[in-house]
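What follows is a single structure, written as structure tokens, with notes after it.
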Amino acid sequence: MSKICVLGLGYIGLPTASMLASAGHEVVGCDINAAIVASINSGKSHFDEPDLEMLLAAAIKTERLRAQSTPSEADYFIIAVPTPFMDGKRPDMQFVEASARSIAPLLRPGDTIILESTSPVGTTERIAAMLAGARPDLHFPRHTDETSPPGHVRLAHCPERILPGNMVRELVTNDRVIGGMTEACAEAAAKLYATFVRGDVFLTDCRTAEFVKLVENSYRDVNIAFANELSLIADRLDIDIWHAIELANKHPRVSILSPGPGVGGHCIAVDPWFVVDSAPDESRLIRTAREINDGKARYVFERIAKSMHRLRNPVVACYGLTYKPDVDDTRESPALEIVQHLAEKTDARLLVCEPNLEALPPGLAATGRVELCDIDAARIAADIVVFLVAHRQFRKINPNQFLSKIVIDTVGLMHSPQRFAAGMTPSRPARMADEAILKGTQT
Ligand SMILES: NC(=O)c1ccc[n+]([C@@H]2O[C@H](COP(=O)([O-])OP(=O)(O)OC[C@H]3O[C@@H](n4cnc5c(N)ncnc54)[C@H](O)[C@@H]3O)[C@@H](O)[C@H]2O)c1
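The numbers in the sequence shown follow the working numbering, run straight up by one, and end at 1049.
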């Protein structure tokens, strides 16, 4: 069993630290946010994730995990800090760099540093160079074709693929790609993951591992952009996109994703920009996909604004604020962006139904324009109903209850696949009302 220091105790770092502790390691979690440190030391997670609370409580109780605001000496350092983008969609590496600086004085010969943060190609090498500058007394690999004899510090990139909502299970079952600065670096990292990962572990060099993670998220983004573009075309041609995709997917080699109000979250909406930034001339498809997905939220906003024109004192009920169903995460959420725009740019009374949040996100609350409401109260009061996220509570909604409303369904909740599964000749999509807008979207 090893001594491990995990830097960053957010959506990735906390489940990872808790899992390592449950595998028997001695884990110190380090986060610059004092409230997060206090919450974790009391055994409480600062975000909702199935099974995490139990794993964390056990880790704290057995004293295998403790949180603090500065890092400690360890055999392994795992960096899981944010990698957002800044203006101009350029990667903002300040958190990764700060965490690397914070461990520099603690490093000892033979320690292993694992970068889990999703990073532009070349980041692991840059950290190695930075640390080599800070610690001339230690040996760091400088090139991926070097060897790492015992006593040299090892560096690897091990990107994370876990799905919010299923993180604890996927931490164990997912296959992992581990890219070392050298082969020995990859092997040292793999030895740690072997203590809790049951999926296959694939070793490569750090540049390839960095690229693979960005490729995975770009692949998702491009495919969602295709579905979102189709939804715009279908709107223009007055075709039910849900029905059209359902039928197209009957082709044995076609599998179109669902459209949505845009793409959100900390990964898919961000990481493709790292690829574009590193090879702008070659990344034309990836850039266009990003633009299509970002543009979809603006399009939905304009549809809602347009549908208000004929109403006096319109009341708009928006269902969902988070970036995807059944989570409490609103980062980069297109639903939040749409409601924020409605609050800032229209006079409508705005009701929001979001079963995963106890309070409005601060930026939205600051507008003073939005009321949190339950499902039925929002429906009863609304002239216009906008479905933005397909939360499980909304999937139970009876479409007939919305017959008198203008419905803008961006996630296909009002779509009825049974009609087609029964082999009936598809007719025009059932219109909820004369003004209903049914051709929607869902990520
Ligand atoms: N959330 C996901 O589903 C997911 C999935 C795959 C990969 N990733 C990647 O994992 C990385 C972390 O993402 P996250 O969602 O866990 O972020 P997060 O914002 O939830 O957590 C990051 C934590 O790091 C802390 N932090 C910042 N700087 C620090 C420093 N110098 N030292 C110690 N702590 C510091 C922050 O206070 C925060 O609590 C990102 O690169 C992200 O792209 C995230």
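C-beta atoms are modelled at their ideal positions from N, C-alpha and C, and glycine is treated no differently. Just so it is clear, the structure is predicted and the values come from calculations on it, not from any experiment.
Item	Value
Proximal residues to S580 (C-beta, below 6 Å), its chain only, five neighbours per side dropped	Nothing can be reported for residue 580: it is not among the residues displayed for the chain, which extend from 607 to 1049.
Own chain, CB closer than 6 Å to R998, minus 5 neighbours either side, in chain order	D932
Near ligand 1: F832 beta-carbon under 7 Å from a heavy atom	no
Any non-hydrogen atom of ligand 1 closer than 7 Å to E835 Cβ	no
Span of the beta strand (DSSP E) around E632	632–636
Cβ pair I646, L626 closer than 8 Å	no
Same chain only: Cβ atoms within 7 Å of S754, ignoring 5 sequence neighbours per side	P747, R760, T788, A790, C791
Simplified DSSP state of D1015, which is helix, strand or coil	strand
Whole-angstrom C-beta distance between L620 and S651, which should lie under 8 Å	6 Å
Check: S708 C-beta below 7 Å from any heavy atom of ligand 1	yes
Under the three-state DSSP convention, the category D811 falls into	strand
Any non-hydrogen atom of ligand 1 closer than 7 Å to P968 Cβ	no
Counted within 10 angstroms of its Cβ, other Cβ atoms place G1018 as buried (16 or more) or exposed	buried
Alpha helix (DSSP H) segment containing Y799, residue limits	789–799
E722 in three-state terms, based on DSSP	coil
Proximity below 8 Å, CB of N834 to CB of P865	yes
For A923 and I1003, the rounded distance between their alpha carbons	14 Å
Residues sharing a beta bridge with C924, DSSP	V958, V992
P697 - DSSP class collapsed to helix/strand/coil	strand
Ligand 1 heavy atom lying under 7 Å from the CB of E669	no
Helix, strand or coil at G739 [DSSP, three-state]	helix
Buried or exposed (CB count within 10 angstroms, at least 16 for buried), A971	exposed
Entirely enclosed beta strand (DSSP E) segments - the stretch 622–681, minimum 3 residues	632–636, 671–674
Residue from M699, C764, T718 whose Cα sits closest to the Cα of R732	M699
The stretch 662–677 contacting the stretch 716–725, beta-carbon criterion three pairs below 8 Å	no
The alpha helix (DSSP H) enclosing E574, as first and last residue numbers	Residue 574 falls outside the range modelled here, since the chain spans only 607 to 1049, and no answer is possible.
Cross-strand partners of F691 (DSSP beta bridge)	P697
Contact set for S824: own chain, Cβ-Cβ below 8 Å, skip 5 residues either direction	D877, P878, V881, I892, A895
Same chain only: Cβ atoms within 6 Å of F1000, ignoring 5 sequence neighbours per side	Y925, L1019
Residue span of the beta strand (DSSP E) that contains E977, given as start and end	976–978
Supposed close pair D887, V774 - CB separation, criterion 8 Å	In fact, because the Cβ distance is near 41 Å, the residues do not count as touching under 8 Å.
Closer than 7 Å: I733 CB and nearest ligand 1 heavy atom	no
Run of the alpha helix (DSSP H) containing R893, from where it starts to where it stops	890–914
Rounded Cβ spacing between S939 and L927 (contact assumed at less than 8 Å)	6 Å
Cβ shell of K609 (< 6 Å), same chain only, five flanking positions each side left out	E632, A680, D681
Nearest-angstrom Cα separation, counted from P1005 out to A840	21 Å
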